[in-house]
Every structure is written in structure tokens, then in C-alpha cells.
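As C-alpha cells, this is what we get:
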């Protein structure tokens, strides 16, 4: 540790290649963005439809759609940001997302439903935010099958 004018200077810890300090990642509590991006893949155009408005965002493949929406000042429903509480439900109108971190059942995902906090864009997307009750009833119905 060096000292300058009586202040301690501490070097930041070295991070593995490809790890960037940014958005909180689920369960670890660390401020790490751990999704790696393929070389040459830029941001995807994501249209979020909410409260009769459509907003277009540029979302990197290694950030969640919820994170980008909140960072852009959109007021969208959310709670845990972990993919388990289902308060950020959406219907994927078009495009593809990776939501392997979320807790939705596979058949619900195949029907086009998503949780914004666990959705990483894999193409340009159009997403419509839906009432929480719509997704909850569907998820509970499939849990009983």
C-alpha cells in the first residue's frame, strides 16, 4: 500500500479476463457481469412495450433486459432481480432471449414467456410487459401437470 499526502492508496483487485465490474449478478452478491460475449457481437435492438408505449433500447448480450430498462429510466415492474419472484413478467413477441438463469418452467418459456431480470437478448427482440397474474396462473398450472 502506498501513501500520498497521508492517504492510503489501494490497488483494485485484478479480475479475470472478460469480467467487468458493472451490474449485480444473481446469488453471488458480487458486482460482476460474468456473461461472456462472442467476438464481434454488438448490442441488440430490444423494443419494450409497457403502458401503451413502446421504447427501443440497445441491450448488450451480457446484460439483462431489466437492467438496461432500469438504467435507461424506464419504470417497469420488478422485485428480486433473481428470476424467482416473477414480478417482471413479459411475453416475447419476437426475437430470442437466453433466460437459463430464471425459474420459469420449460413449457412456459416455450410459450414465449420471460422474466426481464433473467432475459439476455440473443437477437433483436420485441417484448411486451404483461400482468404478473397472467404468468403466475400459467406457471402454477404447469407445476400441477
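Numbering (the numbering used here), first residue to last: 71 to 215.
For glycine and all other residues, C-beta sits at the position ideal for the given N, C-alpha and C.
Predicted, not measured: the structure shown is a model, and the values here were computed from it.
Inter-residue spacing [alpha-carbon to alpha-carbon] between residue i and residue j
{"i": "residue 135", "j": "residue 144", "result": "11 angstroms"}
{"i": "residue 184", "j": "residue 159", "result": "6 angstroms"}
{"i": "residue 211", "j": "residue 204", "result": "11 angstroms"}
{"i": "residue 167", "j": "residue 192", "result": "5 angstroms"}
{"i": "residue 180", "j": "residue 114", "result": "21 angstroms"}
{"i": "residue 182", "j": "residue 163", "result": "7 angstroms"}
{"i": "residue 129", "j": "residue 201", "result": "23 angstroms"}
{"i": "residue 101", "j": "residue 171", "result": "Unreliable positioning characterises residue 101 in this predicted model, as indicated by a pLDDT of 30, which lies under 50. The coordinate reading is nonetheless provided below. Rounded to whole angstroms, residue 101 to residue 171 spans 17 angstroms at the Cα level."}
Residues near residue i by beta carbon distance below 6 angstroms, same chain, minus five either side
{"i": "residue 186", "result": "135, 136, 158 and 160"}
{"i": "residue 124", "result": "117"}
{"i": "residue 229", "result": "The requested residue 229 does not occur in the structure, where the chain is confined to residues 71 to 215."}
{"i": "residue 209", "result": "178"}
Same chain only: Cβ atoms within 7 angstroms of residue i, ignoring 5 sequence neighbours per side
{"i": "residue 154", "result": "173"}
Cβ-Cβ separation, residue j to residue i (assumed contact under 8 angstroms), whole Å
{"i": "residue 126", "j": "residue 198", "result": "Contact doesn't hold; Cβ gap of about 14 angstroms is too wide."}
{"i": "residue 194", "j": "residue 165", "result": "6 angstroms"}
Close beta carbons around residue i, own chain, < 8 angstroms, minus the five adjacent residues each side
{"i": "residue 146", "result": "118, 120, 136, 139, 140, 158, 186 and 199"}
{"i": "residue 207", "result": "none"}
{"i": "residue 26", "result": "Because the chain spans 71 through 215 in this model, residue 26 falls outside it and cannot be assessed."}
To test your reading of the DSSP string, which unbroken alpha helix (DSSP H) runs of 4 or more residues are found completely within the region 142-184? 176-180
Could you name each continuous alpha helix (DSSP H) segment of 4 residues or more that falls completely within the region 106-142, going from the start of the chain to the end? 135-141
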